[in-house]
Structures are given as structure tokens and as C-alpha cells.
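With mature numbering (1 follows the signal peptide of the UniProt record, and there is no 0) as the guide, the letters of the sequence shown map in order to residues -30 to -1, 1 to 376. For each residue, glycine too, the CB sits at the ideal point set by N, CA and C. Working notes, structure below.
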Amino acid sequence: MTFKRRMTTAVGTALLCVAGLAQLTPPAAADSIRDRQWALSAFDADAIEKVSTGREVTVAVIDSGVDGTHPDLVGKVLPGKDFLEGGRADREGDSSHGTGMASLIAGHGHGQGGTAGIKGLAPVAKILPLRAITDSDLQMGTAKPVSQAIRYAVDHGASVINLSLGDNFKNPDMAAAVRYARQKDAVIVAAAGNDGVATPEYPASFPGVISVGAVDSSGKIWEKSNYGSNTLLSAPGVDNYSAGLNHQYQHGTGTSSATAYVSAAAALLRSKFPDLTAGQIANRLVKTAKLPDSVKGTKLPDKHYGYGFIRPYSALTEDIPEGSKNGPLPAPSQASAASAAPTAPADGSDASSSQDRSAYVIWGVVGVAVLGLVTVLAVVIVKRRRPVVPPPAPFGQQSPGPDFRS
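Take a look at the structure:
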């Protein structure tokens, strides 16, 4: 089975790799964005929508905030909380990363019948935006706000937590927050990272977190997707379009968007199977995941693909035994929730001690791009200078693709 890569080469436009994402999007380009969402075709989103839409599920997006006024997200975004400056997190900030991830999860498009703009895989789910990262260069300061946001998420109704960010520093407070969320039965999904190395990233490598790698439209792992024994699943992360700043759209590649798609799939499952535990939800995703033919027969989980790329339709419709409470995830700590409280600095200093100053990074969108009318402004820096995303394939170009549906 093959899928068209409906990526136009943008006549009269430029793919900009910018920090600010401030270029205007031509109306015609905005209207054709849906055609460029190859992942929706690969998943057969129309068939999925007949089975589950994510209704009555709240997904926490711990990120840079989410623009709740974007036409493709109006009515989907709760007020949330800003852990950096206080107040709400449903307002546009300096970075479009959180808005982009939210749109891939729960975007509903706009226009007649919602056929224009970005559509998410779980379009009826609600988004709880929790702002814990900042800066247009896609860096955040400390692990403390992320740890606080994880706890807040489960205490305020989120049953799925999306963490499209990470670093190689194993922060103890974040580990405790993850344990707390697992004890509260949240599905926690995090990006594996974009360096193409086997170095563990956190929070993705904490026990009980679903670590996600990125694949392209052929089902092949993206060369910059981090890998290792912690990788559990993979999902579309190459050449993805999403909602951006100023009601515009952006284009990029990274494990961030792959993570958003897995979070959306988890929301679909939590909606259809409300009595299943987080581990049993993960079990359905794992049992229906698929490896490309080139790596079939490998010991599972594969260090690059995990158990394979997700197939949400199969996860929703196949007859799969519930399995154990924890499924493929390690059991959360048996300690009480109270014992999962944040750790105090040993020297009595505040939470901004050097142990908490690791510069976490939003994992993608690598080479964030927006459809604009002029040329490049600046290259985004994420930990180190990253390559600009190659130009998309001509419209209608065929590439061999796996069956992401069944």
C-alpha cells in the first residue's frame, strides 16, 4: 500500500525556518493544508472518526502554551495554567510549538464542514495547556515548571499527558512527578529526542513513560530520531504541518509531532475504552503496532522503532485481551502518592539550584517552517544548530508506504 505525499513545492511561497514564525499564510495555502497532512491519510482518519473522536478525554499539553483562538482550535482549549509567569496558558506566546502539538491532537479545522486547516487525530478531545517552556529558540529554563505541570495535569482531569520535550538530565523532581502521574493512572507520552543517538532522554526514559520515535511516510525511522531500549512506539514525525503563530501554519520534522500523534491515539482509546488502565491502553497500542518489513523478525522492542509504528484504527477495533493492569509499562512505585512529593534541595537552597537548571529542549519541530511570502529570517537553535528540513516532494509523488491502519 502506498500513500501520496501531498506536499506542494509552494509556488510563490517560501518555507521559512524562523524563530518567530510571523509570516502571513496565503489563503489558498491555508485551504490546502489538510491535503498535506499525510498522517491522516495513512491512519485513515475518516474511518477512525467513526469509531472514536476522543470525546470526554482531556489531554494535557505541557509545552509553550496553546493559542486557543487559532481557528482550528477554537472551543477545544481549556484555560490551563502558566507555570512560568502565572495566569492562563491558552494565549499566544513567543513560540508556536505548543499550539502545533495541540492541533495535531485535537484540531478540528475550520470553514464549511471543518475541511480547511489542521485536523487532529482526536478532534473532539479537550486540550489542557500547561505552559512550562518559553523562548523563541525553543529552550526552557528549568525542570521545575515541567514537574509542577505534570502534577497539575493529573489533578485537573487530564488522563493523557503530552511531553514533546526532553533533555539527558535525570531530574529527581521530574521523576517523582512522573511516578505521581502514573499512580493516578495517566498515560504519559514523551518524545525520544532529535539527535539520532542512544543517549537516554528524560522524561521519555523514566519508567512508565511511552517514549516515541519518528517515522516518515514510508514507515522508515527518521535518521535523527533518538533510539535505545526505552523506545516503545513510533509515529509520523516527518514533513508534518501544524497550527502556528498568528493563526498561521508551520511545517517541520521531529519526534515532537510523533509524540502528539501517540497522545491523540491514547485519547481515542481512553474515550472508547474508559475502563481500561493506562497500561492497558499502552498494551493496545503495542499489540497493534507494526514494524516495516525490513526489520521484521527483530527482537522486540526494537531499539529504533520500539514495538513499531502505531495503527490507531487497529488499536480501536481489534479484539485484544485487556491484559495486566500495567501492560507493557513498568509498575509505578508502590509508595504512596504522598511519598512522590518533590524532593527538597539538599543544601536548603530553592528549586532553582544547579541540579534543576538543565536546559530542556522542545523536541522539534526541527527546522520549524511557516508558509510565507518572503525568504528566511533566522535558523532555529535547539541545543545546537540543526539542519533545515529538505524541500517537500512534488505534489503527487508516490513513495512506498506501510499500512498505518490495519
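Practice item. Go through its chain and collect everything with a Cβ distance to L43's Cβ below 8 Å, but skip five positions before and after it. Key: Stepping through the sequence shown from its first residue, residue 43 is reached at position 73. Hits under 8 Å: V36, D37, T69, A72, S73, A76, G77, H78, I97, A213.
Check your understanding: Okay, do the stretch 250 to 258 and the stretch 190 to 199 touch, 3+ Cβ pairs below 8 Å being the bar?
Key -> no
Check your understanding: Between V124 and A156, what straight-line distance do the alpha-carbon atoms span, to the nearest angstrom?
Key -> Mapped onto the sequence shown, residue 124 falls at position 154. Mapped onto the sequence shown, residue 156 falls at position 186. Rounded to the nearest angstrom, the two C-alpha atoms are 7 Å apart.
Check your understanding: Going by alpha carbons, who is nearest to P206 out of R254, A151, G90?
Key -> Here residue 206 corresponds to residue number 236 of the sequence shown, with the count starting at 1. Among R254, A151, G90, the Cα nearest to that of P206 is on G90.
**Study point:** Alpha carbon of D60 to alpha carbon of K266, nearest angstrom
**Key:** Against the sequence shown, residue 60 aligns to sequence position 90. Against the sequence shown, residue 266 aligns to sequence position 296. Roughly 43 Å separates the two Cα atoms.
Check your understanding: So, are the CB atoms of A95 and G24 less than 8 Å apart?
Key -> Mapped onto the sequence shown, residue 95 falls at position 125. Mapped onto the sequence shown, residue 24 falls at position 54. Yes. Within cutoff.
Practice item. Grab me the residues of V256's own chain with a C-beta within less than 6 Å of its C-beta, minus the 5 sequence neighbours each way, in chain order. Key: One-based indexing of the sequence shown puts residue 256 at position 286. For V256, where only same-chain residues beyond five positions count, the Cβ hits under 6 Å are Y277, P298.
Check your understanding: What is the rounded straight-line gap between the Cα of N196 and the Cα of A92?
Key -> Looking up residue 196 in the sequence shown gives position 226. Looking up residue 92 in the sequence shown gives position 122. In a straight line, the C-alpha of N196 is about 26 Å away from that of A92.
Check your understanding: Going straight from the alpha carbon of S241 to that of T287, what length do you get?
Key -> Within the sequence shown, residue 241 is the residue found at index 271, counting from 1. Within the sequence shown, residue 287 is the residue found at index 317, counting from 1. Rounded to the nearest angstrom, the two C-alpha atoms are 13 Å apart.
Practice item. Report all residues from its chain with a CB closer than 6 Å to the CB of K194; omit the five preceding and five following residues, and keep chain order. Key: Looking up residue 194 in the sequence shown gives position 224. For K194, where only same-chain residues beyond five positions count, the Cβ hits under 6 Å are N164, G166.
Practice item. Can you tell me the Cβ-Cβ gap for T169 and N210, rounded? I've got them flagged as a contact below 8 Å. Key: Here residue 169 is taken as the residue at index 199 of the sequence shown, counted from 1. Here residue 210 is taken as the residue at index 240 of the sequence shown, counted from 1. Actually they are not in contact, since the Cβ atoms of T169 and N210 sit about 24 Å apart, beyond 8 Å.
Check your understanding: If you compare alpha carbons, which of F279, Q153, A151 is closest to A235?
Key -> Taking the sequence shown and counting its residues from 1, one reaches residue 235 at position 265. Answer by Cα proximity: F279.
Exercise for review: Spell out a yes or no on whether the stretch 143 to 155 and the stretch 218 to 227 are touching, meaning 3 or more CB-CB pairs, one atom from each, closer than 8 Å.
Suggested key: no
Point to revise | Q82, buried or exposed, once every other Cβ within 10 Å from all chains shown has been counted against 16 | key: The count along the sequence shown starts at 1 and reaches residue 82 at position 112. The residue is exposed, with fewer than 16 neighbouring Cβ atoms inside 10 Å.
Check your understanding: Which parts of the stretch 7 to 74 are runs of the beta strand (DSSP E), unbroken and 3 residues or longer, counting only runs that do not cross its ends?
Key -> 28 to 33
Review point. Any idea what DSSP makes of Q220, helix, strand or coil?
Key: Here residue 220 refers to the residue found at position 250 when the sequence shown is read from its first residue. Strand at Q220.
Review point. Does DSSP classify N253 as helix, strand or coil?
Key: Start at 1 with the first residue of the sequence shown, and residue 253 comes out as number 283. Helix at N253.
Practice item. With DSSP collapsed to three states, give me the class of A213. Key: Residue mapping note: residue 213 aligns to position 243 of the sequence shown, counting from 1. It is a strand residue.
Check your understanding: Could you give the distance in angstroms between the alpha-carbon of T258 and the alpha-carbon of Q7?
Key -> Taking the first residue of the sequence shown as 1, we reach residue 258 at position 288. Taking the first residue of the sequence shown as 1, we reach residue 7 at position 37. Their backbone Cα atoms lie some 22 Å apart in a straight line.
**Study point:** DSSP three-state assignment for P300, whether helix, strand or coil
**Key:** As a position in the sequence shown, residue 300 is number 330, starting the count at 1. Coil, per DSSP.
Point to revise | CB of A30 within 8 Å of CB of L100, strictly | key: Reading the sequence shown from its first residue, position 60 is the one you call residue 30. Reading the sequence shown from its first residue, position 130 is the one you call residue 100. Cβ atoms of A30 and L100: closer than 8 Å.
Review point. Near P177, what residues of its chain come up, given a Cβ to Cβ distance below 7 Å and the 5 sequence neighbours on each side ignored?
Key: Residue mapping note: residue 177 aligns to position 207 of the sequence shown, counting from 1. Closer than 7 Å at the Cβ level, and outside the excluded window around P177, lie P300.
Exercise for review: Count the other CB atoms, across all protein chains shown, that sit within 10 Å of the CB of D272; report buried if there are 16 or more and exposed otherwise.
Suggested key: On the sequence shown, position 302 is the one that residue 272 refers to. Flag for D272 reads buried.
Review point. T28: buried (16+ other C-beta within 10 angstroms of its C-beta) or exposed?
Key: Here residue 28 corresponds to residue number 58 of the sequence shown, with the count starting at 1. Buried is the call here.
Check your understanding: What is the rounded straight-line gap between the Cα of S175 and the Cα of S227?
Key -> For the purposes of this step, residue 175 is identified with residue 205 of the sequence shown, where counting begins at 1. For the purposes of this step, residue 227 is identified with residue 257 of the sequence shown, where counting begins at 1. Going from the Cα of S175 to the Cα of S227 covers about 18 Å.
Exercise for review: Write down every uninterrupted run of the beta strand (DSSP E) in the stretch 92 to 140 whose length is 3 residues or greater and which is fully enclosed by it, in chain order.
Suggested key: 96 to 101, 130 to 133
Review point. Between H217, T201, A285, I290, which lies nearest to L270 when the distance is taken from Cα to Cα?
Key: Position 300 of the sequence shown, counting from 1, holds the residue named residue 270. Ranking H217, T201, A285, I290 by Cα distance to L270 puts T201 first.
Exercise for review: Indicate whether S233 and V159 have their beta-carbon atoms separated by less than 8 Å.
Suggested key: One-based indexing of the sequence shown puts residue 233 at position 263. One-based indexing of the sequence shown puts residue 159 at position 189. Yes, the Cβ-Cβ distance between S233 and V159 is below 8 Å.
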